[in-house]
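Residue numbers (this note's numbering), protein chains in the order written: chain A, 1306 to 1554; chain B, 11 to 315.
Virtual Cβ for every residue (Gly too), placed ideally from N, Cα, C.
Values in this document were obtained by computation on a predicted structure and should not be read as measured data.
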Amino acid sequence: MRKIIALLAIFIAISCSKEKQSVSKIEGKRININDSITTNQEIEDFIKPFRKRIQEDMNKVLSYASKDMHKNDGKLETTIGNLMADLVKSQSEPIYKKRTEKSIDICILNHGGIRAPIQAGPIKTRTAFNVMPFENSIVVAELTAENVHGMIDYLVKAKRAHPISGLTIKLDQNDKLVEALVNGKPIEANKTYAVVTSDYLQNGGDRMDFLKNPESLEILDYKIRNAMIDYFKTVDTIPAKLDGRFIQQ
Amino acid sequence: MKRRDFIQNSLASSAFVTLGGLSLQSFTANSAKKHITILHTNDVHSHIDPFGANHPRNPNQGGAARRASLISNIRKENPNTLLLDAGDIFQGTPYFNYYGGELEFKLMSMMKYDLATIGNHDFDNGIDRLYAQLPNANFEFVSANYDFKNTVLDTHVKPYKIFMKDGIKIGIFGLGVKLAGLVDKRMYKETVYNDPIETAQDMSRILKEEEKCDLVICLSHIGYNYKRNPERPSDLKLARATKDIDLIIGGHTHTFLPKPTIEKNSKGESVLVNQVGAYGVYVGRIDFYFDAEKNVIANGKSIIV
Chain A
1306 MRKIIALLAI
1316 FIAISCSKEK
1326 QSVSKIEGKR
1336 ININDSITTN
1346 QEIEDFIKPF
1356 RKRIQEDMNK
1366 VLSYASKDMH
1376 KNDGKLETTI
1386 GNLMADLVKS
1396 QSEPIYKKRT
1406 EKSIDICILN
1416 HGGIRAPIQA
1426 GPIKTRTAFN
1436 VMPFENSIVV
1446 AELTAENVHG
1456 MIDYLVKAKR
1466 AHPISGLTIK
1476 LDQNDKLVEA
1486 LVNGKPIEAN
1496 KTYAVVTSDY
1506 LQNGGDRMDF
1516 LKNPESLEIL
1526 DYKIRNAMID
1536 YFKTVDTIPA
1546 KLDGRFIQQ
Chain B
11 MKRRDFIQNS
21 LASSAFVTLG
31 GLSLQSFTAN
41 SAKKHITILH
51 TNDVHSHIDP
61 FGANHPRNPN
71 QGGAARRASL
81 ISNIRKENPN
91 TLLLDAGDIF
101 QGTPYFNYYG
111 GELEFKLMSM
121 MKYDLATIGN
131 HDFDNGIDRL
141 YAQLPNANFE
151 FVSANYDFKN
161 TVLDTHVKPY
171 KIFMKDGIKI
181 GIFGLGVKLA
191 GLVDKRMYKE
201 TVYNDPIETA
211 QDMSRILKEE
221 EKCDLVICLS
231 HIGYNYKRNP
241 ERPSDLKLAR
251 ATKDIDLIIG
261 GHTHTFLPKP
271 TIEKNSKGES
281 VLVNQVGAYG
291 VYVGRIDFYF
301 DAEKNVIANG
311 KSIIV
């Protein structure tokens, strides 16, 4: 009897798997994850220390803003854009100099890359994450004078407050270029210029094609957000200024 | 083979006779109850905590700890459940910036994810740091159209994986989106992107004809549909251009489908395409019920969405 039961069990196992199975019915739906579902305590307890460390770090006060700064508080330049371009240039300069023995001439970023304003009051680590949520990293592209002119043409045509530093542009009332200077000097035809920017823009983001084929490219392995955090730590109150670097007369 | 069948059958009939109570009818009915549940997420983007109460679109929604409860309840209801993710696990909250994907993978392992595919944002810290996070994942990754031969991921990501659940053979292959123009080359390095639709045609043949899978699932991160760029490979194009795929689980386009789409494949058969938006706000659930093939041929197949 025991033998027969064993054989039967084997038969059921083999026979069931052998009988060709096919889908007879499919049901499909989505389930919303909301507060009607109880929290799994084991998962929650596991997350807690990770969350706590982030929150402590995010809430650290690094610096101070004397007024609200946002990306539409000027027409062709903005306080937050000037801050970003200036700090990316100044934070990158020592790294670039150490590696190449050259100085950075210009910084260009994109207006769209500023994702949040900086509010008057304490600046926290969180501020840097809000303004710059992307992982964009800093690169320095060495451009020919021709490509620097390409950059100026791009800015003049765009008439948008793309953050710039080291470069001043004057337009007349008909949007025609009056003057473009790099660190106060006219652009020299046979010179190359070191332009610090983000990897995103250098790779063709926002159609900044003048950055695409540089004479040389230095990858700093330094995220823009980290440059912001490092910079905030060094200043007591961040500057909020419009200084006429890109103006229409 | 025939003779063996016969012997087993004759033995069985005598056994049935001996045991009396167990009838052939009940045996057939029993085998008809096979039921496989597929649960899936996509584009969770490091959203570990629920959205706050003031979030404009998804207030009080999402959260890994709630997702874990839902999943374990469904697993209790049906142990023959597979939990899948269609990529872009990484990037979107400081959890990723601070821990590089460690927590995402550890939580997914605790939730007992079975398989995932790789999204473009999973390369955000570079392929080397993605590789470095793999020990935190107790589940595997599949991608059939990314060729990782000349990268650190070589042999760590397989084109497909086969699961056996209650005697049902389930083949799942992965597909990734074109990386050039989307991800910095310095991040994905020597990863080679192959055409996802041609790859899927190959994969479905291998899984259906060679591996003889009962269910074929595509875990895709190529995007649901590109209305303004209809030539671009998408899940809907993929569904129409292939055969023998039962389910396409999508990602990348953050498409919040209220219910799965039913599309016709190249043989005119139905294929389900699903995608549950992003950020862990939804979990997709697809239930497959099985019956003997002859019964399905006789009674047809029903799809309820």
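- Per the DSSP secondary-structure output, K274 of chain B pairs in a beta bridge with B:S280.
- Across the structure, I1529 of chain A and L225 of chain B are spaced so that their CA atoms are roughly 47 Å apart.
- Distances from the CA of Q1507 of chain A to each of A:Y1498, A:R1356 and A:L1522 were compared; the closest alpha carbon is that of A:L1522.
- For H50 of chain B, the uninterrupted beta strand (DSSP E) run begins and ends at H45 to T51, by DSSP.
- The residue from B:I172, B:H57, B:G186 and B:S119 with its alpha-carbon nearest to that of T127 of chain B is B:G186.
- I1428 of chain A and S1368 of chain A have their alpha carbons spaced roughly 5 Å apart.
- Closest by C-alpha distance to T1343 of chain A, out of B:L80, B:S56 and B:G62, is B:L80.
- Near chain B, meaning a CB-to-CB distance below 8 Å, the residues of the region 1330-1352 of chain A are K1330, I1331, E1332, G1333, K1334, R1335, I1336, N1337, I1338, N1339, D1340, I1342, T1343, T1344, N1345, Q1346, E1347, I1348, E1349, F1351 and I1352.
- Bridge partners of S1368 of chain A according to DSSP: A:I1428.
- In chain order, M1363 and R1530 place their CB closer than 8 Å to the CB of F1434 of chain A, counting only its own chain and leaving out the 5 sequence neighbours on each side.
- Residue pairing of K179 of chain B in beta bridges, as defined by DSSP: B:M174.
- DSSP places V152 of chain B inside the beta strand (DSSP E), whose first and last residues are E150 to V152.
- E1324 of chain A sits in coil when the DSSP states are folded into three classes, being neither helix nor strand.
- The criterion of a C-beta distance shorter than 9 Å is not satisfied by I1443 of chain A and L1516 of chain A.
- Of all residues in the region 209-220 of chain B, none is placed with a Cβ closer than 8 Å to any Cβ belonging to chain A.
- Three or more Cβ pairs drawn from the region 1402-1421 of chain A and the region 1497-1511 of chain A lie within less than 8 Å of each other, which places the two stretches in contact.
- For the region 117-138 of chain B, residues whose beta-carbon sits nearer than 8 Å to a beta-carbon of chain A comprise L117, M120, M121, D134 and N135.
- Residue environment for I314 of chain B: exposed (fewer than 16 other C-beta atoms within 10 angstroms of its C-beta).
- Judged by DSSP in its simplified three-state form, N107 of chain B adopts helix.
- P66 of chain B carries a coil assignment under DSSP once its states are collapsed to helix, strand and coil.
- Nearest to E1520 of chain A by C-alpha distance, out of A:I1385, A:N1495 and A:L1388, is A:N1495.
- In the three-state reduction of the DSSP assignment, F100 of chain B falls in the coil class.
- At a beta-carbon threshold of 7 Å, the residues of chain B lying near D1504 of chain A are D194, ordered along the chain.
- From the beta-carbon of P270 of chain B, the residues of chain A found nearer than 7 Å are G1333.
- DSSP places A1499 of chain A in the uninterrupted beta strand (DSSP E) bounded by T1497 to S1503.
- Taking a contact to require three or more Cβ pairs closer than 8 Å, the region 263-280 of chain B and the region 180-197 of chain B do not qualify as touching.
- For the region 1359-1370 of chain A, the beta-carbon criterion of a distance under 8 Å to any beta-carbon of chain B is satisfied by I1359, D1362 and M1363.
- C223 of chain B places its beta carbon less than 9 Å from that of L217 of chain B.
- Interface annotation, K44 of chain B: in contact with chain A, CB-CB separation under 9 Å.
- Contact between G1333 of chain A and P270 of chain B holds, with the beta-carbon distance rounding to 4 Å and staying under 8 Å.
- G181 of chain B and K171 of chain B have their C-alpha atoms spaced approximately 6 Å apart.
- Listed by position along chain A, the residues whose Cβ is nearer than 7 Å to that of S56 of chain B form an empty set, because the closest Cβ is around 11 Å away.
- Looking only at B:K277, B:E279 and B:R295, the smallest Cα-Cα distance to Q285 of chain B is reached by B:R295.
- With a cutoff of 9 Å on beta-carbon distance, D53 of chain B and G97 of chain B are scored as near each other.
- Counting along the chain, T1539 of chain A sits inside the alpha helix (DSSP H) bounded by residues I1529 to T1539.
- Straight-line spacing of the CA atoms in K179 of chain B and P1354 of chain A works out to 40 Å.
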